[in-house]
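Numbering (this note's numbering), first residue to last: 578 to 917.
Where is the CB? At the ideal position from N, CA and C, for every residue including glycine.
Take a look at the structure below.
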């Protein structure tokens, strides 16, 4: 997820807005030709592990930060950059830990309440309540983990002068969606499958707006929506020969019919809002090597705030920091991309 946002940002930065118009250099090339294939390799670091706009709490990942890596391939089916098949393989690592909240034990308050419920139910004599509560305090709330994230994103894209649209499929194993599928939905496997469509309008060379609509049909079923608007301009150089660019993006995520059960951590509706500013630096004249520092300011939506409010780990441990998301988080990142 984090890598997907990074790749979308890089793709936007490398759009024709920063270069002169190109001709169809593929005219006459056979359908199967190496000249139709292009791509990029990206590696980066982020100060917080995040996804779908959520900034994961320090407690969830037993720390902060993440590293991400991706291979992005594009194949021109017909005229250059008109119909393209795109594929991304992305991997994100959780730097600190992989056990949610450090696999905590029950707190004294929850243990006493559970022992009291046993007394009321007649399961144990009242005089044993203290000893049973002490035993409960030694037990773990729930064996739950967060795995490194692996994603495969495949899309067919059509590009016109003032708009484009992509249709495709996401497979995501691990990461935040994996936690939701495995531990919230009880699927046993930390993976989801989604289909998506992303229409984008580009009324000018410096402005674009779009919205990704996803339907998850395996792991968890339901809808994700990710509208965004992005503005970009050269900071150093000209539009035809940019050296340092600036890109400002406003985005959000929302769900519908995704969190339906009482046990789900979140509720439907807005999930996250963010403002991101990136400054890609084109290292060489060919613009094949790009270094992109960025910072984003992320706010939790009502779904994420509801998850923090009814976190079962917070309730059972008595620790108020055991919540899944940050109500507000600042995420710094730096990535290096090589185009080929």
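Cutoff 6 Å; reference residue 614; Cβ partners in own chain excluding five residues on either side = 652
Could you tell me the distance, in whole angstroms, from the CA atom of residue 908 to the CA atom of residue 672?
-> 15 Å
Exposed or buried, which one is residue 713 when buried takes at least 16 other CB atoms within 10 Å?
-> buried
Name the DSSP beta bridge partners of residue 633, please?
-> 902
Determine the DSSP secondary structure at residue 828, reduced to helix, strand or coil.
-> strand
Sorted by chain position, which residues of the same chain lie with C-beta nearer than 8 Å to residue 606's C-beta, five sequence neighbours on each side aside?
-> 612 and 613
Proximal residues to residue 791 (C-beta, below 6 Å), its chain only, five neighbours per side dropped = 771, 773 and 801
Using the C-alpha atoms, what's the distance from residue 782 back to residue 816?
-> 9 Å
Beta-ladder partner(s) of residue 771, from DSSP = 747 and 793
Can you check whether the CB of residue 768 is closer than 8 Å to the CB of residue 749?
-> yes
Starting from the C-beta of residue 598, find all residues in its chain whose C-beta is less than 7 Å away, skip the five residues before and the five after it, and write them out in chain order.
-> Confidence in residue 598 is poor, its pLDDT being 48 and thus under 50, which makes the residue's placement unreliable; the coordinate value appears in the next sentence. Excluding residues within five positions, none has a Cβ falling inside 7 Å.
Cα-Cα separation between residue 793 and residue 760, rounded to whole angstroms | 17 Å
Coarse secondary structure for residue 889, derived from DSSP in three states = helix
What did DSSP end up calling residue 777 once you bin it into helix, strand or coil?
-> strand
C-alpha gap between residue 628 and residue 703, whole angstroms | 47 Å
Backbone CA spacing between residue 914 and residue 620 [nearest angstrom] = 7 Å
Are there 16 or more other CB atoms within 10 angstroms of the CB of residue 861, so buried, or fewer, so exposed?
-> exposed
May I have the straight-line CA-CA distance separating residue 678 from residue 642, to the nearest angstrom?
-> 15 Å
Report the three-state DSSP secondary structure of residue 688 (helix, strand or coil).
-> helix
Inter-residue Cα distance where the pair is residue 595 and residue 721 | Annotation note: pLDDT 49 at residue 595 (below 50); position unreliable, coordinate value reported separately. Their Cα atoms are separated by approximately 46 Å.
How is residue 719 classed by DSSP in three states: helix, strand or coil?
-> coil
For the candidate residues 823, 780 and 696, whose alpha-carbon lies nearest to that of residue 871?
-> 823
DSSP three-state assignment for residue 894, whether helix, strand or coil | helix
State the Cα-Cα distance for the pair residue 805 and residue 775, rounded to the nearest angstrom.
-> 11 Å
Spatial distance of residue 734 from residue 740 (CA atoms) | 11 Å
Out of curiosity, what's the CA-to-CA distance linking residue 879 and residue 848?
-> 6 Å
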